[in-house]
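Asks:
Numbering (full-length UniProt numbering), first residue to last: 1 to 135.
Pasting the structure below:
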């Protein structure tokens, strides 16, 4: 699947992805680059992007990397997600780089690094997670 095909599939199956304007910028053998464009509606009190927005991007990036590797496995589901919030994101696009750490018949273990656009050397959050794959 291409980046655009994965983006379209995720947006069609998960209305929240449309709400946050989820974009899949790159999908290749190395992994996925996903993005949520900055918008003031995603900011929580204190002036930072909301935790649910950050978690949604991390989870969607994992789903995208699984779809990119396996094709249309729409029934792949998150079975575990762990997130460490590291610093306050800047008021710019939030980016996620996802890769598969291990892939078996039943699960995909993934890792996602999230950062503010223009500041790729400073992680906003780090996500690890597992997707259960349909048998």
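The beta-carbon is built from N, C-alpha and C at its ideal position, and this holds for glycine as well. Values in this document were obtained by computation on a predicted structure and should not be read as measured data.
(1) Look at the alpha carbon of residue 94 and the alpha carbon of residue 24, and state the distance between them as a whole number of angstroms.
(2) Report yes if the C-beta distance between residue 122 and residue 87 is below 8 angstroms; otherwise report no.
(3) Once you ignore the five residues that flank residue 128 on each side, which residues in its own chain have a CB closer than 6 angstroms to its CB?
(4) Considering only residues of the same chain and omitting the five flanking positions on each side of residue 50, which have a CB-CB separation below 8 angstroms?
(5) What's the C-alpha gap between residue 115 and residue 105?
(6) Quick one: what does DSSP say residue 21 is sitting in, helix, strand or coil?
(7) Could you tell me whether the Cβ atoms of residue 91 and residue 124 are closer together than 8 angstroms?
(8) Based on the DSSP secondary-structure assignment, which residues constitute the bridge partners of residue 109?
(9) Measure the CB-CB distance between residue 108 and residue 66 and report whether it falls below 8 angstroms.
(10) What are the partner residues of residue 34, as DSSP defines its beta bridges?
(11) Report all residues from its chain with a CB closer than 7 angstroms to the CB of residue 3; omit the five preceding and five following residues, and keep chain order.
Replies: If we stick to the structure as given:
(1) Approximately 12 angstroms, taken between the alpha carbons.
(2) With contacts defined by Cβ atoms closer than 8 angstroms, residue 122 and residue 87 form a contacting pair.
(3) The residues are 82 and 111.
(4) So the qualifying residues of the chain are 42, 43 and 44.
(5) The straight-line gap from Cα to Cα measures roughly 31 angstroms.
(6) Residue 21 sits in coil when the DSSP states are folded into three classes, being neither helix nor strand.
(7) No; because the gap between Cβ atoms is not below 8 angstroms, this pair is not in contact.
(8) Under DSSP, residue 109 takes part in a beta bridge, and its partners are 102 and 130.
(9) The Cβ atoms of residue 108 and residue 66 lie closer than 8 angstroms to each other.
(10) In the DSSP output, where bridge partners are listed per residue, residue 34 has 24 and 96.
(11) Hits under 7 angstroms: 24, 25, 26 and 27.
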